[in-house]
Amino acid sequence: MTAKAKKKSALTPPSGQPTLAKGGFLDRFGVWIYLFLAFFIPFLLMFLAFKIAGVSPFGTNQILVTDLWHQYYPFLVDFQSKLQHGGSLLWTWKSGGGTNYVALMSYYLASPLNFLSVLVPADKLKEFLYIITCVKIGLAGLFYALFLKITFKRKDASITAFGILYALCSFIVGYYWNVIWLDTIALLPLVIAGTFALLREGKFRLYIITLALSILANYYIGLFTCIFIFLVTIGYCIVEYKGWKDLIVQLLKMAGCSILGIMMSAILTLPAFFALSATHSSDNTFPAQFAINIGSKADFGGVIEGIGKTIANSVAFIQPTAKEGLPNIYCGVIVIFLGLLFFFCSKIKKRERIFCGVLLVFFILSFIIRQLDYVWHGFHFPNMLPYRFSFLYSFVLIYMAFRVFMYIDDIKLVSVIGAILSFAVYLGIAAAYYDNESVKLSPVFENQPDTDPVLLSGLIGIILAAWILLYVLRNRIPRIATVIGAVVIGAGAGTVVLIFGKQVNAVVSQDANNGFYIFLAVVIFLLSIAAALLISSKELNQHHQMTKVVITVLLLILALVEGLFSAAGGVKVNGVTDATTFPLGGQDTLNCVAEVNRLEKDNIDLPHTEVNKYHSLNDNALIGVNGISMFNSMVNKDVTEYVEKFGLCGWVASNRYTYQESSPFTNLMLNIKYLIAPYGAYLDNTHNTMIHQSNNVRLMQNQYYLPQGFMVGSAVSDYNAVTASTNPMINQNDLFNKATGLPGDLYLYMDSTSAAAGTTSGSITKISHGSYSYNSTSGNEGYDINYVAGTTGVAVAYLSGNTDNVSIRVNGAERISYYIKRPFIMMIGNVNQGDTITLHPTMENSTSGTLTSYCAMLNENLFQQGYQKLARSTLKATRVDDTHIYGDITAQEDGLFYTSISYSPGWKAYVDGEQVEITPVSKALLAFPLDKGDHHIELKYMPPGFIPGTCATIAALVIFIAMIFIIPKRRTVFAKLYAKFPEKEEAPDDTKKAKKSKANKSS
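Each residue of the sequence shown is one higher than the one before, starting from 31 at the first, in the numbering used here.
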């Protein structure tokens, strides 16, 4: 994949021709204008797409959707707080009962642009995120244009066009909400530019710096970058093969510089590597049998079907995948046509054409075949967002399109005809597999569902093909024919805009009935007239240089049009959310947080604060309080499994656990002191007391709170969440008995009095205590399971089945509803003896099956006894910060010093100055044995791999700086290697022929 650079700009005519003078404005500043436009146009299109969607400050919406809502923004809030108010970047207490912040930052927060948030007021952080998202997309365009300029010395408007197409490809606009990936995707062109510079000229600076930045910004996408570098290097060595010695030297210098770039990133990647070994993703296994992702059957026919659907998903005006679906590989119809023309261009080496074609086929097969997909994703299967490496396909296809455009002067008529026929076949395949189900029409056309995206794509391709055909025939047909052709093409394009006017309006305005499309059609027609006049001028277009200018401008216009629809489609498919309800309760919730901070101002302890019904999966980080809830791909799977079995809303496969108002024992063992009720309702009035209210948002204080560390029975060490019951009430009872040494049942189960379906189309039958079977002719039947309270007190419930929602009613009135996609111990609250408690689950999309339902009263007397016993031996903290806890404790008896700190191998414990072995509870919560008596406790944390990673980064920087100063400016160390192993230069073909002729004559 390479080419000999052209020194001359496409806008510069042959010497002596009467057009733009050498040293004119465009000659001096044109390339900077083109680079600026490559950034500004994608930035502006995304900015306007968000503005039209009413994103603040232009409305009340925000760009936070999916994981940007649940993870990236809440983590950014915590990150900004650390930067502005001081705090360690090694550990955070805001999420998950404490978590490795270096590992979290390495995946979620390492973008250099995030550090600019320190300059932004906290209440403007959403707008900051809006702007930097557009900036990152703009940088993708700029860096691709820079790649073309650096690698091929190109300085015309074509670099802008291809930069736009990369920045607004369907991968970026479909996954833009995944802002943590955008930096590395944007940097990819510079990394490849550095790769070419290193291989061709031995220049190492750009490659090493950009590779390090790419991996630092996001190591996960950086993995794809590294694989792609390897493929590019192999391709270059094949295309530019000069012998095995040259090959060895090329591979050695690539390996050396790659190792140096990776070492520079070790400060984050090494701690991330150690953290990843404890995550759920590390448990994935390689598929044993042949399987496919796309296609109905795992056979050759299924693979062909997958190829057809992939091709159909690559045309214009197709809905990009936002969560689940086909690979996002669309990057422009003009790129598809030029990419096909690439294979017919004889000026490009055959080996390069073959390698690029093989590479595209390899990518497509990697999308389809699960074994290849598994390897690409770091030897595991991703949870949603499939084909995360598909942006590489777009990169290669755009590269191919640009390469053939470089040789537009030398394209033959037969090549254009071949490309046109291939394009027709390509569209035919796309039409055959377009079904508006797996391959969907862009939401831009939501009011015109019968629009054919393949037809529209064909029209764009025809416009470009017609112009290229005119240019190829420039010396074969009269000038007037070229002029007429230009007018006809322009009139055709204007007519297309008039026909599809409503769709154009829908993209640029919320009013689909305005007359913008008429204005646009007139502009297109006038531009066509202007182009025709330029072409008709014998003085300006004597050597058809103006025709080439027109084609370049046309390329830019088509890229702009496709980019406009792509940006609008991406924003529409992802949608926006209401900024006024995030966080839930808004300023009132933050007022409650301020009250917590006031109350704890002089307290050295680290109490947890939770939202009693979550709104995002990282509410603690979002509102700035220390808590238990966390959704984080770097989470320790042992912690997730522990808290799930303990009764929280946990999901090991999804790397998350979240709190919703639960039992008093849950709050006691997880160090929860405050509960914020943004919905205005809290249920447990016995153990919690309201201490503050801001409008409808209430703050409660747990009256049975224990500090972060306290003594429990040694038997707690034997608890194993892996083998524990699937009923968390049983597990809590077991832990209560082990921790307190008290016998008895913490939960007193009620037996259901009746169970009934909500309608006559369904039925439910009790199988055994807590187990029910149900049947229904409809897929959304509701069922009532009734219980009667035998005593007055606090009731809890647990329900598990094929349902997402359950309504809890007391005496027929709904008290609360819970989202229970992942089941947990649900708080019912205070009930009186004889009250009827009804659990009403709705079995969505399920006509038959089984469900588990338990309802129980808290054994208040036993709980009080247990609390009093545990409260006797608690840690009195003397100093606490992000990575250290110091305190004193008087242990009334031998036992286990227990904490609610999520365990990470980086913790060390010291008792009375001596280090002791940590024996975490079920590998999840930090704990260690402690003898009876008075003790001084010290807990210290350092992320595993951080110190050696930092040393590796410093060493790499020193070596890099030394290379800059030691290696001569004009003779690199790689040139010296060539001098030691000189290759016998192959004589040009003309020289060979002359020698052969001379030899024949002498003989």
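For each residue, glycine too, the CB sits at the ideal point set by N, CA and C. Quantities reported herein were computed from a predicted structural model and do not represent experimental measurements.
In this structure, the alpha-carbon of F411 lies about 13 angstroms from that of S663. In the DSSP assignment, T610 falls outside any beta strand (DSSP E), carrying neither H nor E. Our two residues, P483 and G84, have alpha carbons roughly 27 angstroms apart in a direct line. Looking at the backbone, the Cα of K796 and that of V861 are separated by about 24 angstroms. Look at F475 here: in three-state DSSP terms it is helix. When C-beta atoms of the stretch 758-773 are compared with those of the stretch 781-794, fewer than three pairs fall below 8 angstroms, so the two segments do not count as touching. At the C-beta level, Y817 and Y804 stay beyond 8 angstroms of one another. Per DSSP, Y802 is one residue of the beta strand (DSSP E) stretching across S801 to S806. One alpha carbon belongs to E157, the other to G657, and they sit about 26 angstroms apart. Here the C-alpha atom of Y250 lies approximately 47 angstroms from the C-alpha atom of Y779. Burial state of T619 is buried, judged by a 10 Å Cβ sphere holding 16 or more other Cβ atoms. Secondary structure note for C679: its beta strand (DSSP E) is the uninterrupted segment C679 to W681. A Cβ-Cβ distance of about 6 angstroms is found for the pair L106 and N144, placing them in contact under the 8 angstroms criterion.
The count of Cβ pairs closer than 8 angstroms, one atom from the stretch 203-212 and one from the stretch 344-364, reaches three, so the stretches are in contact.
Taking 8 angstroms as the cut-off, the Cβ atoms of S932 and G117 do not count as close. Distances from the alpha-carbon of G936 to those of V910, M972 and N697 put M972 closest. Setting aside the 5 residues that flank it on each side, F373 is surrounded in the same chain by R383 and G387, each with a C-beta closer than 7 angstroms to its C-beta; the list follows chain order. Nearest Cα to A321 within the set T309, V262, F397 and L298: F397.
Collapsing the DSSP output to three states places H717 in coil. Residue range E944 to V946 is occupied by the beta strand (DSSP E) that includes Q945. Excluding five sequence positions before and after Y464, the CB atoms of its chain that fall closer than 6 angstroms to its own CB belong to A342 and V484, given in chain order. Taking the Cα of C199 as reference, the smallest distance to any Cα among F425, K275, S307 and H722 is reached at F425.
In this structure, I919 lies away from T908, with their beta-carbon atoms at least 8 angstroms apart.
If the five residues before and after T582 are omitted, its C-beta is found closer than 7 angstroms to the C-beta atoms of A40, D186, A187 and S188, all from its own chain and listed in chain order. When rounded, the separation of the alpha-carbon atoms in V580 and L614 is 54 angstroms. Only buried fits Q92, as 16 or more other CB atoms lie within 10 angstroms of its CB.
For K703, the enclosing beta strand (DSSP E) has its first and last residue at I702 to A707. G680 is positioned such that its CB atom lies closer than 8 angstroms to that of Y687. Put simply, the backbone Cα of G771 is about 36 angstroms away from that of A651. Note that the stretch 849-869 does not touch the stretch 911-931; fewer than 3 beta-carbon pairs, one per stretch, sit closer than 8 angstroms.
D912 sits close to T122, with the two beta carbons spaced by under 8 angstroms. When only Cα atoms are considered, A496 and I359 end up about 25 angstroms apart. Considering only Q114, N685, L713 and V603, the residue with the shortest C-alpha distance to S693 is L713. I838 carries a strand assignment under DSSP once its states are collapsed to helix, strand and coil. Put simply, the backbone Cα of A296 is about 26 angstroms away from that of S420. Classified as buried, W211 has 16 or more neighbouring CB atoms from the shown chains inside 10 Å of its CB.
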